[in-house]
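Chains as they are written, first to last, in this note's numbering: chain A, 714 to 1037; chain B, 50 to 387. C-beta: ideal position from N, C-alpha, C; glycine also. Everything numeric in this text was worked out from a predicted model, so none of it was measured. Notes to accompany the following structure.
Structural data, given as structure tokens:
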């Protein structure tokens, strides 16, 4: 088991290096940082001084190694746009995105899983058909449209929920949380539903098809032939066997919830990393983009590792110790 | 009535009477089983043979109440010790399965849940049906694994199915089928998926255990060798009907129904070399094209007019009972056509 974890971590290193190379290449190929930072008028002396200060006069491989060394220490340089350290900006914005992603995943799992189980167990019932129709809407409507529709209904027409922002937040050390205030919770509802809806329908459809498949399997038939109780067959035998693919998808989806919350954050003006990223893109703020890229890669690599570990917990066939 | 023995005098454990199983489809209703009748006596092993699609497995599934939807029992009755079980509500039928009628399936590689240890599956089955605590169930689980011949049972109880070979897994399946001490077991092709070298061991084990416990067996197979070795009586099925039923020696040596006679003739003899085995021309009809009268009439070498019009019930043949007009004692004239 420790050997397995180690090997997965070793495999992650080349992935992260490749992403770092791409992030690093952004600096050279997207815009001219010197021109961006110095503005319209500058003297050649000012220019040379800045080039030297940023280390841009050194050979490219040296720059890359320095970039990685800095990145490892959480040092991504200054934002061109805001002239503040990128690390600070990200630390400031991360709690908003992570809390939103957490709520969206909880919504997706807590609703999608039971709906999937139900539609798998009773594929012909009227409620199952309703769920499936609903899921078609969730899968096919684009996120921004869902967000705008939700705002229209719950913020504009009904006036129950705020249409933008995080509400009041409480500072816990460097972490700003919206979980401790009523307005924070209210502000979370619409973006969480918007962000989680696609994942919810995906999880529901996945669990449904896996359940239908597993319920046809010989071991479920044999469990019935053994006269086991329905509850034990449906949840103990069938649902547990659907978990391996479900964990895979849920893990990857959690990654994409964090990575691609950009659209939702834009629609709801949610002060998270996604909004930071989109604003950085529009002003060619390379250091922020590069840091974001690396961060998201790290999130995916970590989630994949956790998913692999969960397989081991769920499926004994993957654990060592074949035969005797 | 020679050779039938004293079994017929006993109150049957299981009685299947005129069982009809139908599958509604878009193009009309298919009759998968058409008035199937037979008995199984306490402690008896009834072999059920026939080609694929003859309705052997369907009969077994109907008995344990696990017909694949949309299949359903559309007529007849199944009684266990005089109590009807074909129309029990699902909740009651669940208590019959495992507890009173066990089941063994074909492929041991897929019948065990891969995520649970064999001990867990045994304990779960016993604790569902028997009023015993976890420690007692575990003790008995070890005992069952020993009984089915798993070496080092007290260690292997915590092993997962994938850690056993196919033959060992089928032994575990047998333990699972018998662990709640049912009165009978439906064994649907229990050796078909196994290595030839393992088949005999598994059959011998099943035979020994069920004899020790006095458990009746409905042994579904297309392997006549297995039947000849294991069964007391044998039922030959054809196109969803019982063609012939009788003591195993009589059916093997002196089959009365032309179909069973053809089936037995196609078993290669061990005593001498043959160039070509006899075969029955044609194929079993599809369920939507079963001919009028006797289902076997298009392939039967002894066919006569009546076979094409009227379906024969099981009639008394010399040593067995056969669904064939050749044995209609009320109309002996017809035999002149043979």
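Mind pulling the chain A residues with CB within less than 9 Å of residue 72(B)?
Taking the beta carbon of residue 72(B) as reference, no residue of chain A falls within 9 Å; the closest one sits roughly 17 Å away.
Tell whether a beta-carbon distance below 7 Å holds between residue 120(B) and residue 72(B).
yes
Who pairs with residue 237(B) in a beta bridge, going by DSSP?
269(B)
Let me know if residue 223(B) comes out buried or exposed under the rule of 16 or more other beta-carbons within 10 Å of its beta-carbon.
Buried, by the Cβ-count rule.
Applying the 10 Å Cβ sphere with the 16-neighbour rule, what's the burial state of residue 149(B)?
buried
Can you check which of these residues, 217(B), 335(B), 184(B) and 306(B), is closest to residue 368(B) by C-alpha distance?
306(B)
Give me, in chain order, the residues of the same chain whose beta-carbon lies closer than 7 Å to that of residue 50(B); leave out the 5 immediate sequence neighbours on both sides.
Note that residue 50(B) scores 40 on pLDDT, short of 50, meaning its location in the model is unreliable and no value can be drawn from it.
Using a C-beta to C-beta distance shorter than 8 Å, which residues of chain A count as neighbours of residue 156(B)?
931
If contacts are defined as beta-carbon pairs under 8 Å, then residue 1006(A) and residue 732(A) qualify, I think. What distance do you get, rounded to the angstrom?
6 Å
Quick one, which of 843(A), 1003(A), 794(A) and 859(A) has its alpha-carbon nearest residue 777(A)'s?
1003(A)
Just mark residue 719(A) as buried or exposed, buried being the case when its beta carbon has 16 or more other beta carbons within 10 Å.
Exposed.
Give the list of continuous alpha helix (DSSP H) stretches no shorter than 4 residues that lie fully inside the segment 816 to 875 of chain A.
839 to 853 and 856 to 863
Would you please verify whether the beta carbon of residue 66(B) is less than 7 Å from any beta carbon of chain A?
no
Taking the beta carbon of residue 141(B) as the centre, do at least 16 other beta carbons fall within 10 Å, making it buried, or is it exposed?
Around the beta-carbon of residue 141(B), fewer than 16 other beta-carbon atoms lie within 10 Å, marking it exposed.
Which residues, in order along the segment 777 to 808 of chain A, keep a beta-carbon less than 9 Å from a beta-carbon of chain B?
Listed by position along the chain: nothing, the set is empty.
Is it right to say residue 857(A) is buried, meaning 16 or more other beta carbons lie within 10 angstroms of its own, or is it exposed?
Residue 857(A) is classed as exposed because its beta carbon has fewer than 16 other beta carbons within 10 Å across all chains shown.
Apart from the five residues just before and just after residue 155(B), which ones in its own chain have a Cβ nearer than 8 Å to its Cβ?
237, 238, 239, 241 and 242
Which residue's Cα is closest to the Cα of residue 314(B): 320(B), 329(B) and 322(B)?
When each option's Cα is compared against that of residue 314(B), the closest is 329(B).
Residue 372(B) and residue 278(B) look like a contact to me (Cβ under 8 Å); what is the Cβ gap, rounded to whole Å?
That pair is no contact at about 26 Å.
Measuring alpha carbon to alpha carbon, tell me which residue in 788(A), 816(A) and 1008(A) is nearest residue 899(A).
816(A)
Given the structure, does residue 720(A) come close to the ligand FAD, in the sense that its CB is under 6 Å from one of the ligand's heavy atoms?
Absence of the ligand FAD is noted for the structure shown, with no ligands found whatsoever.
Taking the alpha-carbon of residue 997(A) as reference, which of 1013(A), 735(A), 750(A) and 949(A) has the nearest alpha-carbon?
750(A)
Please list, in chain order, the chain A residues whose beta carbon lies closer than 8 Å to that of residue 116(B).
The contacting residues do not exist; residue 116(B) stays about 11 Å from chain A at best.
Quick check: what's the CA-CA separation for residue 962(A) versus residue 986(A)?
23 Å
Look up residue 68(B) in the DSSP assignment and say whether it is helix, strand or coil.
It is a strand residue.
Beta carbon of residue 265(B), beta carbon of residue 68(B): below 7 Å?
no
So, using beta-carbon positions, are residue 927(A) and residue 955(A) closer together than 7 Å?
yes
Taking C-beta pairs closer than 8 Å, name the residues in chain A that residue 163(B) reaches, listed in chain order.
932, 954, 1028, 1029 and 1030
Which first and last residues belong to the alpha helix (DSSP H) in which residue 1005(A) is found?
999 to 1027
Applying a beta-carbon distance threshold of less than 8 Å, which residues of chain A neighbour residue 127(B)?
Those within 8 Å of residue 127(B) in chain A number zero; the least Cβ separation is about 15 Å.
If you drop the 5 nearest sequence neighbours on each side, which residues of the same chain put their C-beta closer than 7 Å to that of residue 347(B)?
Taking C-beta separations shorter than 7 Å and ignoring five residues to either side along the sequence, the partners of residue 347(B) in its chain run 331 and 340, following chain order.
Chain A partners of residue 174(B), CB-CB under 8 Å?
939, 940 and 941
Between the Cα of residue 917(A) and those of 936(A), 952(A) and 1011(A), spot the shortest distance and give me the residue it belongs to.
952(A)
At a CB distance below 7 Å, what residues from the segment 206 to 227 of chain B approach chain A? Give them in sequence order.
209, 211, 212 and 225
Mapping the DSSP letters down to three states, classify residue 286(B) as helix, strand or coil.
strand
Mind reading off the beta-carbon distance from residue 97(B) to residue 286(B)? Whole number of angstroms is fine, and I expect it under 8 Å.
6 Å
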